[in-house]
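Report on one structure; see the data block that follows.
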C-alpha cells in the first residue's frame, strides 16, 4: 500500500464536495476557488479543478456568467444552481454522517 | 535568445521565446490529447488556457517576453494532465491515431478568405509562404488572383469543430482552435513571417477599399441607369408620352409603338405582347437596380432563388415573345405588288397634279416614319384607321403618251395573300383632261392589319411637258427636301427635260 496514493484517493473523493462548499456562500471565479482549496491543502495543482468545474456545470449543479476584469481576459464566475444547492445539502448531511461514523469507530 | 514567436492565448497576445514556445506547445498538446474526446473537454481546455494567460500576465518576464522559466513555473502551478487524473480523477486519457488531413479554408487564420491559412494548416507550414506565393503570382500574371478566387469558392470553410479537426489533422502541430468557432488562439508565426502577414493584411485592406469604391461607383451607375431606363420605358410604353426623354431612335418615335401594335398584330395577341415586352425590358432593369443597390451597400442575402426566378421568367418571356413575333412575322413572309396603268387620252402640255385626300385634313397624329425610305405610317385612333403615305415618281415617257402607273405593294403569308392584301388598299386617283387628282396616302381598310403596305404612283410624261404640283403633291415627289426646299408655300411649275424634272422660275 502506498500512503500517498491513499491520501490522494481520499482527497479525490471529497473534492467535488469541497468545490460545491466553496461556492455555497457566494459566486467565485476559478482562481478564488483554487486559492481556497489550496489553502485547505485539498489540491496541489490547479489543473485538477478545471475538468471538475466543467463536469459539475454540465451535470447542472453549477452555472457561470462572464464578468469583465481589469487585468486580462473576462472571467467565468461560477455559482450554484438550485439543483446544486440541493445536492450540496445532501452531501452536507452524508458528510456529517460519515464524520460521525469515523469518529465513532476511532473513539473505540 | 533571438527568435520570438507571437501567440494568442485566451484572447491575449504574448511574445514567447522559441524554446519556451515548444515546451508550451507540447504541454498544450498533452492537454488536448487528454481532453479532446471527453465531454466538455474543449471547454476545460479553454478554461485552462485562459488561466495560463492569466498566469503569464501576472508574471510577465523581461520586456514582456515569456521565457522557458515562465512556462515551467506555470506548468508547476497548473500541473500536468496526468497529475489531474491522479488528483481529481475521472477523466481517462485518450490516445489518438492521427486522422487523414483535409483541405479547408481556415477561418481562424484568415486574411482574405482563409485559403492560405487552410493550405498552411494542411501543409503544416506557415501560411505566410502561401500568401507570398499568391502575391507573386498575382503580380506576375494575375493567375494567383484567379486561383485564389477559385479556391475561395471551391473550398469549404472549416467552421465546425469536426472540420477543424480534419483540417489540422490529429496529434500534430497545435494549430487547433476553439471548438465553438471563436477567435484564433494559436498562430505560430515567426517574426519575419509576421511582417509578411502584416504586409499581406495591409495589401488586402487596400484592395478591399479599392474594390469597395469601384463597386459603389459601379453600383450607383447601375442604379441610376436602371432607374432612368425603367422610368423612360414606363413613360413611353405605358403612358405613350414622350415627355422630356428623347424617344427618337433612328427617327422612329418609339412612344407610338404601343398604339401601332393594334394595327400590326392580331388584336388578341396585343395584351400578351405588351406584357411580354414589359417583362423582357423591365426584368433586366430591375436586376440592374437591385444589383446596384447590393453593390453599394455590400450586404449579403440568400437571393440566389430570386435571381434564378428572374432569369427563368426573363428567358421564358423572351421565348414567348419570340414565338408570337415569329408567328406574326410569318404573316409578312412574302411581299407582292400589283400594278395598274391609266392613260391620258391626249398628252397635256401642262399637267396639273393636285391632291385629293390629304393627311392634314385628318386627325392622325400618331406617326412612325422611317426616314431613310421616306416611309411614313399614321394612325387615327378614333377611326381606327391606318394611313400610309404614298410616293410619287415623275418620269419622262419614251413615246409621246402620258400615263400613270399605280403600284400597290403588300406582304402576306404567301404570294396570293400578299396580292390580296395589296388589292385591298384603298387609294383614289382621278384623271380628267389635264388634271390628275391623287390621294396623299393609301388606307388600310378598318378591321384589317397593316402589312408593309405602300402605294407608288409613277407619272410618265413626254419631255417638254410642264408639270404643276400643289405643295402636298410636291412633298410626295420630293419627300427629302419637303422641309427645307419648299418653305415658301408656293405652288410651282416644273419642266420635264432629258435629265428629269427641272424647276422653272415663274
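Chains as they are written, first to last, in my numbering: chain A, 27 to 134; chain B, 646 to 1151.
Using N, Cα and C, we set each Cβ at its ideal position, and we do this for glycine too.
Because the structure is a prediction, the values reported are computed rather than measured.
(request) Could you spell out the range, first to last residue, of the alpha helix (DSSP H) harbouring residue 133/A? (result) Residue 133/A -> alpha helix (DSSP H) spans 108-133.
(message) Contact between the stretch 115-127 of chain A and the stretch 679-697 of chain B is defined here as three or more beta-carbon pairs at a separation below 8 Å; is this criterion met?
(response) No, they do not touch.
(request) Would you please verify whether the beta carbon of residue 695/B is less than 8 Å from any beta carbon of chain A? (result) Closer than 8 Å: yes.
(request) Go ahead and label residue 127/A buried or exposed: buried means 16 or more other beta carbons lie within 10 angstroms of its beta carbon, across all protein chains shown. (result) Flag for residue 127/A reads exposed.
(request) List the whole-angstrom C-beta distance separating residue 921/B from residue 962/B, where the pair is believed to meet the contact cut-off of C-beta under 8 Å. (result) Yes, they are in contact, since the Cβ atoms of residue 921/B and residue 962/B sit about 5 Å apart, within 8 Å.
(request) Have a look at residue 65/A and residue 72/A and give me their C-alpha separation to the nearest angstrom. (result) Approximately 12 Å, taken between the alpha carbons.
(message) Which residue marks the beginning of the alpha helix (DSSP H) containing residue 917/B, and which one marks its end?
(response) Going by DSSP, residue 917/B is part of the alpha helix (DSSP H) stretching over 915-942.
(message) Quick check on residue 717/B - is its C-beta less than 8 Å from some C-beta in chain A?
(response) Chain A contact via Cβ: absent.
(request) Would you kindly work out how many angstroms separate the C-alpha atoms of residue 1102/B and residue 1057/B, rounded to a whole number? (result) Roughly 21 Å between the two C-alpha positions.
(message) I need the DSSP call for residue 104/A, collapsed to helix, strand or coil.
(response) Residue 104/A: strand per DSSP, three-state reduction.
(message) Only counting the same chain, and skipping five residues up and downstream in sequence, which positions put a Cβ closer than 7 Å to that of residue 1065/B?
(response) Closer than 7 Å at the Cβ level, and outside the excluded window around residue 1065/B, lie 1057.
(request) Compare the C-beta of residue 817/B against all C-beta atoms of chain A and say whether one is closer than 8 Å. (result) With a pLDDT of 42 at residue 817/B, under the threshold of 50, the predicted position of this residue should be treated as unreliable, though the coordinate-derived value follows. The Cβ of residue 817/B sits no closer than 8 Å to any Cβ of chain A.
(message) Taking 8 Å as the threshold (beta carbon to beta carbon), is residue 688/B in contact with chain A?
(response) Interface residue, yes.
(request) Could you tell me whether any non-hydrogen atom of the ligand ATP is closer than 7 Å to the CB of residue 1021/B? (result) Here there are no bound small molecules, and the ligand ATP is not part of this structure.
(request) Could you have a look at residue 598/B and say whether DSSP puts it in helix, strand or coil? (result) The requested residue 598/B is not part of the displayed model; chain B covers only 646 to 1151.
(message) Can you tell me whether residue 985/B is helix, strand or coil according to DSSP?
(response) Strand at residue 985/B.
(request) For chain C, find out if any of its Cβ atoms is closer than 8 Å to the Cβ of residue 692/B; answer yes or no. (result) No chain C appears in the structure shown, which is made up of the protein chains A and B.
(message) If we define contact as Cβ-Cβ less than 8 Å, is residue 729/B a contact residue for chain A?
(response) Yes, residue 729/B lies at the interface with chain A (some Cβ there is under 8 Å from its Cβ).
(request) State buried or exposed for residue 1119/B, treating a residue as buried only when at least 16 other CB atoms are found within 10 Å of its CB. (result) Residue 1119/B should be labelled buried.
(message) I'd like the list of long-range same chain contacts for residue 611/B, defined as Cβ closer than 8 Å, with 5 residues on each side in sequence excluded.
(response) Given that chain B is displayed from residue 646 to residue 1151, the structure contains no residue 611/B and the question cannot be resolved.
(request) Check the Cβ-Cβ distances between residue 72/A and every residue of chain B, and say whether any is below 8 Å. (result) With a threshold of 8 Å between beta carbons, residue 72/A makes contact with chain B.
(message) Using the three-state DSSP reduction, which class does residue 662/B fall into: helix, strand or coil?
(response) Correct three-state label for residue 662/B: strand.
(message) Below 7 Å on C-beta distance, what does residue 844/B contact in chain A?
(response) The contacting residues do not exist; residue 844/B stays about 29 Å from chain A at best.
(message) Looking at the secondary structure, which residues open and close the alpha helix (DSSP H) in which residue 949/B lies?
(response) Residue range 949-975 is occupied by the alpha helix (DSSP H) that includes residue 949/B.
(message) Relative to the C-alpha of residue 851/B, which candidate in 1122/B, 904/B, 791/B, 757/B has its C-alpha closest?
(response) Among 1122/B, 904/B, 791/B, 757/B, the Cα nearest to that of residue 851/B belongs to 757/B.
(message) Using the Cβ count rule (16 or more neighbours within 10 Å means buried), how would you classify residue 694/B?
(response) Under this definition residue 694/B is a buried residue.
(request) Using DSSP bridges, identify the partner residues of residue 1145/B. (result) Answer is 1142/B.
(request) Please determine, among 42/A, 56/A, 39/A, 38/A, the residue with the shortest C-alpha to C-alpha distance to residue 99/A. (result) Sorting 42/A, 56/A, 39/A, 38/A by C-alpha distance to the C-alpha of residue 99/A places 56/A at the top.
(request) Would you verify that the beta carbon of residue 66/A is, or is not, closer than 8 Å to some beta carbon of chain B? (result) For residue 66/A, the answer is no, since every Cβ of chain B falls outside 8 Å of its Cβ.
(message) Any contact between the stretch 703-723 of chain B and the stretch 758-766 of chain B? By contact I mean 3 or more CB pairs, one from each, below 8 Å.
(response) No contact exists between the stretch 703-723 of chain B and the stretch 758-766 of chain B.
(message) Looking at the secondary structure, which residues open and close the beta strand (DSSP E) in which residue 1081/B lies?
(response) Unbroken beta strand (DSSP E) run through residue 1081/B: 1080-1083.
(message) Taking the straight line between their C-alpha atoms, what separation do you get for residue 1071/B and residue 874/B?
(response) Linking residue 1071/B to residue 874/B through their CA atoms gives a straight-line distance of about 40 Å.
(request) Measuring alpha carbon to alpha carbon, tell me which of 663/B, 655/B, 780/B ends up nearest residue 648/B. (result) Considering only alpha carbons, the answer is 663/B.
(request) Determine whether the Cβ of residue 79/A lies closer than 8 Å to any Cβ atom of chain B. (result) The beta carbon of residue 79/A falls within 8 Å of a beta carbon belonging to chain B, placing the residue at that interface.
(message) In the DSSP output, which residue or residues are listed as bridge partners for residue 1025/B?
(response) DSSP output for residue 1025/B lists 1030/B as bridge partner(s).
(request) List the DSSP bridge partners of residue 1077/B. (result) Answer by DSSP bridge pairing, in chain order: 1080/B.
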